[in-house]
Amino acid sequence: MQLSRGARIALRLAAAVGFAVIYVPLLLVLVNSLNPDRSASWPPPGLTGHWWAVAWHNSGARGALWTSVRAGLGATAIALVLGTLIAFAVARHRFFGRGTVSFVVVLPIALPGIVTGIALNSAFSTVLEPLGVGLGLFTVVVGHATFCIVVVFNNVVARLRRTSGSYEEAAMDLGAHTFRAFADVTFPLVRSALFAGGLLAFALSFDEIVVTTFTAGPGVETLPIWIFDNMTRPQQAPVVNVVAAVLVLLSVVPIYLAQRLSADTASGSRV
């Protein structure tokens, strides 16, 4: 489709405004983390790395970071197992209600986080507390896994739909049992999709705050919750800016890698 010169200029301006709205605030967070003043004065009188050193030695921030990493790894592990199994069931088998299963798996990512959080909090209080299991890191991991499964499922099922099952059938015809066929044939074909899905799942879990608020018990503080609790404390404002900048940078890495993997495998692994 050919666009007029005016239309192209308008689209570029609209794209520039959209990107500015998204990324300029993130850039300001990074600049404020280097601001020598405790207040977010603008323009900053200079640049300093002092607050980065202070944040590094802040035990609360480091503990929250480690909690977020553990929660992210746990949710990603669950999502990889369940998301992959569901993807294989949907993509490789025909059964009654297959479309319903796909819809139910994808639904949690579309639900408002506060609805998911309230539902999980109620379920944990009703089911787990009578068994002596209260809210804590375990419930946070389970809560995050409910929406992390979606990204793994979407990545793997998309790959399986582009990959013919005849390769697995040929391997079994040659004497390979089911697990050998999966290890030698299927897994190499879906490996990059699994990795991309795992990276996206970890990124989603790492910066989740709404569901975490409803599923974390006393003493369980992830990095986003630490930021939210400390952002209104004037003495902590510079450290919060540093931690927020780190959170942005840490979130960019897995998303970028997942995007590159998805793009490369989409263009180079059609069969």
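Here full-length UniProt numbering is used: the first residue of the sequence shown is 1, the next is one more, and so on. For glycine and all other residues, C-beta sits at the position ideal for the given N, C-alpha and C.
Member of 226, 222, 215, 224 whose CA lies at the smallest distance from the CA of residue 122: Within the sequence shown, numbered from 1, the residue matching residue 122 stands at position 122. With distances taken between CA atoms, residue 122 lies nearest to 215 out of 226, 222, 215, 224.
Assigned secondary structure, residue 134 (DSSP; H/G/I helix, E/B strand, else coil): Here residue 134 refers to the residue found at position 134 of the sequence shown. In the structure shown, residue 134 sits in coil (DSSP, three-state: anything other than H, G, I, E or B).
Nearest-angstrom beta carbon gap, residue 190 and residue 150 [assumed within contact, 8 Å]: Here the question's residue 150 lines up with position 150 in the sequence shown. Here the question's residue 190 lines up with position 190 in the sequence shown. That belief does not hold up - the Cβ atoms of residue 150 and residue 190 are roughly 17 Å apart, past 8 Å.
Same chain, Cβ closer than 8 Å to residue 172, neighbours up to 5 away in sequence not counted: To locate residue 172, count along the sequence shown from 1; it is residue 172. Only 178, 181 meet the Cβ criterion.
Inter-residue CB distance, residue 194 and residue 84 (contact presumed, cutoff 8 Å): As a working mapping, residue 194 is identified with position 194 in the sequence shown. As a working mapping, residue 84 is identified with position 84 in the sequence shown. 7 Å between Cβ atoms; contact.
Separation of residue 114 from residue 224, as counted between CA atoms: For the purposes of this step, residue 224 is taken as residue 224 along the sequence shown, with counting starting at 1. For the purposes of this step, residue 114 is taken as residue 114 along the sequence shown, with counting starting at 1. Between the alpha carbons of residue 224 and residue 114 lies a gap of roughly 15 Å.
Residue from 256, 174, 88, 71 with nearest C-alpha to residue 153: Residue mapping note: residue 153 aligns to position 153 of the sequence shown, counting from 1. The shortest C-alpha separation from residue 153 is found at 88.
Distance, residue 183 Cα to residue 14 Cα: Here residue 14 refers to the residue found at position 14 of the sequence shown. Here residue 183 refers to the residue found at position 183 of the sequence shown. Rounded to the nearest angstrom, the gap between the Cα atoms of residue 14 and residue 183 is 48 Å.
Environment of residue 270 [buried if 16+ CB atoms lie within 10 Å]: By one-based count along the sequence shown, residue 270 stands at place 270. Because residue 270 sits at a pLDDT of 43, beneath the cut-off of 50, its placement in the model cannot be relied upon, and the following sentence gives the value as read from the coordinates. Classification for residue 270: exposed.
Check whether residue 243 and residue 227 have beta carbons under 9 Å apart: In the sequence shown, the residue the question calls residue 243 occupies position 243. In the sequence shown, the residue the question calls residue 227 occupies position 227. Going by beta carbons, residue 243 and residue 227 fall inside the 9 Å limit.
Assigned exposure category for residue 196 - 16 Cβ within 10 Å defines buried: As a working note, residue 196 is residue 196 in the sequence shown. So residue 196 counts as buried.
Proximal residues to residue 250 (C-beta, below 8 Å), its chain only, five neighbours per side dropped: Stepping through the sequence shown from its first residue, residue 250 is reached at position 250. Only 206 meet the Cβ criterion.
Exposure label - residue 4; buried when at least 16 CB within 10 Å: By 1-based counting over the sequence shown, the position of residue 4 is 4. The residue in question, residue 4, is exposed, as its Cβ has fewer than 16 Cβ neighbours within 10 Å.
Beta-carbon proximity check, residue 91 vs residue 161, cutoff 9 Å: Translated into the one-based positions of the sequence shown, residue 91 becomes position 91. Translated into the one-based positions of the sequence shown, residue 161 becomes position 161. Judged by their CB atoms, residue 91 and residue 161 are nearer to each other than the 9 Å cut-off.
Span of the alpha helix (DSSP H) around residue 60: In the sequence shown, residue 60 corresponds to position 60, counting from 1. Residue 60 -> alpha helix (DSSP H) spans 59 to 92.
Where residue 207 falls: helix, strand or coil (DSSP): Counting from 1 along the sequence shown, the entry for residue 207 is found at position 207. For residue 207, the three-state secondary structure derived from DSSP is coil.
Residue 12 - DSSP class collapsed to helix/strand/coil: Indexing the sequence shown from 1 puts residue 12 at position 12. DSSP places residue 12 in helix when its eight states are reduced to three.
Assumed close pair residue 105, residue 86 - CB separation to whole angstroms, cut-off 8 Å: Against the sequence shown, residue 105 aligns to sequence position 105. Against the sequence shown, residue 86 aligns to sequence position 86. Here residue 105 really is in contact with residue 86; their C-beta atoms are around 6 Å apart, less than 8 Å.
Distance CB(residue 36)-CB(residue 50) smaller than 9 Å: Along the sequence shown, read from residue 1 onward, the residue named residue 36 stands at position 36. Along the sequence shown, read from residue 1 onward, the residue named residue 50 stands at position 50. Taking C-beta atoms as the reference points, residue 36 and residue 50 count as a pair closer than 9 Å.
Where residue 96 sits in the DSSP three-state scheme: If you number the sequence shown from 1, residue 96 lands on position 96. In this structure, residue 96 counts as coil in the three-state DSSP scheme.
Residue from 235, 6, 166, 220 whose Cα sits closest to the Cα of residue 66: As a working mapping, residue 66 is identified with position 66 in the sequence shown. Residue 220 is the option with its Cα nearest to residue 66.
Sequence-distant residues of the same chain with beta carbon closer than 8 Å to residue 54, five excluded per side: Position 54 of the sequence shown, counted from the start, is the residue given in the question as residue 54. Closer than 8 Å at the Cβ level, and outside the excluded window around residue 54, lie 238, 239, 242.
C-alpha gap between residue 95 and residue 107, whole angstroms: Locating residue 95 in the sequence shown gives position 95, counting from the first residue. Locating residue 107 in the sequence shown gives position 107, counting from the first residue. Distance between the alpha carbons of residue 95 and residue 107 is about 20 Å.
Cutoff 6 Å; reference residue 143; Cβ partners in own chain excluding five residues on either side: Reading the sequence shown from its first residue, position 143 is the one you call residue 143. In the same chain as residue 143, and ignoring 5 residues on each side of it, the C-beta atoms closer than 6 Å to its own belong to 120, 211, 215, in chain order.
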